[in-house]
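Each remark here refers to the structure printed beneath this line.
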Amino acid sequence: MKISLTDKPIKNQSVDFIVIPYFENTKQLTGYAKDIDELLNDSISKLIADKEIVGKVSETITLYTFGAIKPKKVLILGLGSLESFNPETARTAFGRLASKVLTTNETNSAVICLDSKTISKLPKTLTKNQLVQAVVEGLILGSYQFTKYKSDPNANKTDVYIQVKSHEKEQVSKATSVGNIVSNAVNLCRDLANEPSNIMTPSKLADIAKQISLKTNIGYKALEQKEMKELGMGALLGVAKGSKQEPKLIVMEYKGNPKDPNKLALVGKGITFDSGGISIKPATNMGDMKGDMAGGASVISTISAIALLRPSINILVLVPATENMPGGNAQKPGDIVTTMSGKTIEIDNTDAEGRLVLADAITYAKSLGANQIIDVATLTGAITIALGNICAGVFSNNTVLTSEVIEASNTSGEKMWELPMFKEYSKQYKSKTADIKNVGGRGAGSITGAQIIGEFAAETPWVHLDIAGTSRTTDPNGYQSYGATGIPVRTLIQLILNKSTIL
Ligand code: BES
Ligand code: ZN
Ligand code: MN
Numbered sequence: 011m012k013i014s015l016t017d018k019p020i021k022n023q024s025v026d027f028i029v030i031p032y033f034e035n036t037k038q039l040t041g042y043a044k045d046i047d048e049l050l051n052d053s054i055s056k057l058i059a060d061k062e063i064v065g066k067v068s069e070t071i072t073l074y075t076f077g078a079i080k081p082k083k084v085l086i087l088g089l090g091s092l093e094s095f096n097p098e099t100a101r102t103a104f105g106r107l108a109s110k111v112l113t114t115n116e117t118n119s120a121v122i123c124l125d126s127k128t129i130s131k132l133p134k135t136l137t138k139n140q141l142v143q144a145v146v147e148g149l150i151l152g153s154y155q156f157t158k159y160k161s162d163p164n165a166n167k168t169d170v171y172i173q174v175k176s177h178e179k180e181q182v183s184k185a186t187s188v189g190n191i192v193s194n195a196v197n198l199c200r201d202l203a204n205e206p207s208n209i210m211t212p213s214k215l216a217d218i219a220k221q222i223s224l225k226t227n228i229g230y231k232a233l234e235q236k237e238m239k240e241l242g243m244g245a246l247l248g249v250a251k252g253s254k255q256e257p258k259l260i261v262m263e264y265k266g267n268p269k270d271p272n273k274l275a276l277v278g279k280g281i282t283f284d285s286g287g288i289s290i291k292p293a294t295n296m297g298d299m300k301g302d303m304a305g306g307a308s309v310i311s312t313i314s315a316i317a318l319l320r321p322s323i324n325i326l327v328l329v330p331a332t333e334n335m336p337g338g339n340a341q342k343p344g345d346i347v348t349t350m351s352g353k354t355i356e357i358d359n360t361d362a363e364g365r366l367v368l369a370d371a372i373t374y375a376k377s378l379g380a381n382q383i384i385d386v387a388t389l390t391g392a393i394t395i396a397l398g399n400i401c402a403g404v405f406s407n408n409t410v411l412t413s414e415v416i417e418a419s420n421t422s423g424e425k426m427w428e429l430p431m432f433k434e435y436s437k438q439y440k441s442k443t444a445d446i447k448n449v450g451g452r453g454a455g456s457i458t459g460a461q462i463i464g465e466f467a468a469e470t471p472w473v474h475l476d477i478a479g480t481s482r483t484t485d486p487n488g489y490q491s492y493g494a495t496g497i498p499v500r501t502l503i504q505l506i507l508n509k510s511t512i513l
C-alpha cells in the first residue's frame, strides 16, 4: 500500500473508492460528504434516515456511483460516536478497512476524505495531526499480511490518497510521515517474529540489525561466543550450548544527544527458537516458539524508527540472540553458571532461559553506560494466566520510569498493566548451591521471573515488559492480522519521543 496526500477535486479522480468517514448521529453532512450526497441524489442522507448507515466503528456501506462521478464507489466508514473517538478507534476502523476492502485484488486505488470540511468536528482531545497519524497507522498495520511463503502472495499494491485541503497539506504531511515510519517499524517487528526459526537464526537476526544500522547510520556490533567468554557471560553461553547455531549479542546505538550522559537501553529477549532445552516443552504449539525473539525484534524495530525520527536522546539496543535446544552439549538441570555480574545461577529448569540471557545482556548494557533499562521479553506462560492475551505485564524497580511507560502505552493503545514486586517473593528462587536458581516455583511465575531479571538490573532504574501473552494472536481484528502483533514497538517509540525533543 502506498499512501500519499492529495488536494485535487475529488469528482475527477479515477479511483475505485472514495471513503467518507462518518460519525454516529451526524446531523449535517459537510464537505465532500455533502457534495457527493447531492451528486448521488441524496442517497447518503436517505440511507442515514433509513438507518442503513448507522456509523458504528468499522461499519462499511458501499454505494455505486454508476457514472454520476468519476470514482466507481463511495464507501461510508463508521467511526462511532464523536465524543468517544480517539486514535485507537481510528486505527481500528481504518485498519479493518485496509484488511477487508483495500487489500483485495479488486481494489487498486482509493481516496480517503480527511479534509477539514468533510471532518468538520473532532473531539477536543484529538488534533488533526494525531488523527492523520492514526489513520496512516491503521491503514499500514491493517494491510499487513505474512504471505511471503505462499506461492501466490497478495501483492498489496493499492494506492491510497488522503484528501486534504491545500492549506492543510504541509502540516498533515509530517503526520503522514510519522505514521508511516511508526507502522512500518511495527510491520518489521511482525515480519521478524513471524519468520520461521530455520530462517530467523541468531546470525540472520544480527545480519538484519546490521543492514538497518548501515542504512540509517547508527552504531552496530555483535558479540561472538569468544567475546562473550572473555566477558564472562556464563548465563547466555549456557543457554546457547545445546544449539548448533552461533549465539550473537546484538548491539545497536543511536546517539541523538551526544552531550547528554544519559542513555536508555532497550534489551530484547532474542531466543530464535525455544524448545525448552533438556526441560523440553510439549509438542502442542511448540512451533509458536519461533516467536520467542519477539522482544528482540521489537527493540530492533523501535530503533529503526528512532533512527529516522531522530529525537535528541541516546538509545542503546541489546539483543541476546540464541536458540534454546536440547543438543548433546546442552546445559542440564542442576548445572551452575556464573553470570557476567559475578552472581551464580543454578539451572533448575532449562526452559527458564529468557531470564538467563537477559541477565548477562543487562549487565553488559550497564557496562556500556546505560542508566535506564527497559527489557522486553516473551518471558512466562504465567503472564497469560494473570492477564490473558489482552495486556502486557509491567514490572519495575522505579515508579518514574513505570509511569512514563504506562503513559506511552495509553497513547499507543497497546495495553499494559503493572504487577507487584515484593522482596518476599525472592525466597522462592533461593538456591542451596548457588546465589539464586532460575525458577521460583508454581506461584507468581511472572513475578519471580521478573525479579530474577531485576537482580541484575539492581540499582539501575529498570522496567520489564512480559509480552508472552500479547506478542502473537490467533484472533485477528481491526488492524491486527494472524500471528505476530508487533507489540510494544509503538509504545517504545512513543516513550522515547515523550522523553526527548525531536531534532
Ligand atoms: N518462551 C517461554 C514463555 C512463553 C510461553 C512465551 C508461551 C510465549 C508463549 C519461556 O522461555 C518459558 O518457557 N517459560 C517457562 C518458565 C518456567 C519454566 C519457569 C514457562 O512459562 O513455562
Ligand atoms: Zn523462552
Ligand atoms: Mn523457555
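Numbering-wise (the working numbering), the sequence shown opens with residue 11 and increments by one.
We put the CB at the ideal spot given by N, CA and C, even for glycine.
Within 8 Å, strictly: CB atoms of residue i and residue j
| i | j | result |
| --- | --- | --- |
| residue 273 | residue 324 | yes |
| residue 376 | residue 170 | no |
| residue 260 | residue 329 | yes |
| residue 474 | residue 463 | yes |
| residue 301 | residue 491 | no |
| residue 361 | residue 287 | yes |
| residue 79 | residue 46 | yes |
| residue 145 | residue 20 | no |
| residue 113 | residue 166 | yes |
| residue 425 | residue 384 | no |
| residue 516 | residue 128 | The requested residue 516 is not part of the displayed model; the chain covers only 11 to 513. |
| residue 87 | residue 107 | yes |
| residue 97 | residue 423 | yes |
| residue 499 | residue 308 | yes |
| residue 239 | residue 247 | yes |
| residue 200 | residue 479 | no |
| residue 66 | residue 34 | yes |
Extent of the continuous beta strand (DSSP E) to which residue i belongs
| i | result |
| --- | --- |
| residue 497 | That residue, residue 497, is in no beta strand (DSSP E); it is neither H nor E in DSSP. |
| residue 31 | 27–32 |
| residue 14 | 12–16 |
| residue 258 | 258–265 |
| residue 230 | 229–233 |
| residue 406 | 402–406 |
| residue 326 | 324–334 |
Closer than 7 Å: residue i CB and nearest the ligand BES heavy atom
| i | result |
| --- | --- |
| residue 484 | no |
| residue 309 | no |
| residue 454 | no |
| residue 188 | no |
| residue 298 | yes |
| residue 390 | yes |
| residue 449 | yes |
| residue 208 | no |
| residue 399 | no |
| residue 51 | no |
| residue 420 | no |
| residue 478 | yes |
| residue 267 | no |
| residue 197 | no |
Near the ligand MN: residue i beta-carbon under 7 Å from a heavy atom
| i | result |
| --- | --- |
| residue 362 | yes |
| residue 286 | yes |
| residue 334 | yes |
Length of the line joining the Cα atoms of residue i and residue j
| i | j | result |
| --- | --- | --- |
| residue 177 | residue 126 | 10 Å |
| residue 289 | residue 438 | 19 Å |
| residue 263 | residue 133 | 39 Å |
| residue 152 | residue 111 | 10 Å |
| residue 449 | residue 333 | 19 Å |
| residue 381 | residue 343 | 34 Å |
| residue 339 | residue 442 | 25 Å |
| residue 61 | residue 105 | 24 Å |
| residue 455 | residue 390 | 7 Å |
| residue 354 | residue 242 | 11 Å |
| residue 173 | residue 335 | 53 Å |
| residue 432 | residue 90 | 42 Å |
Near the ligand FMN: residue i beta-carbon under 7 Å from a heavy atom
| i | result |
| --- | --- |
| residue 204 | This structure lacks the ligand FMN; its bound ligands are the ligand BES, the ligand ZN and the ligand MN. |
Extent of the continuous alpha helix (DSSP H) to which residue i belongs
| i | result |
| --- | --- |
| residue 491 | Taken as a continuous stretch (DSSP letters only), residue 491 belongs to no alpha helix (DSSP H), as it is neither H nor E. |
| residue 42 | 41–49 |
| residue 199 | 179–204 |
| residue 71 | Segment 70–74 is the beta strand (DSSP E) holding residue 71; no alpha helix (DSSP H) there. |
| residue 370 | 364–377 |
Check your reading: residues with Cβ closer than 5 Å to the ligand ZN heavy atoms: Output, sorted by chain position: 281, 284, 302, 364.
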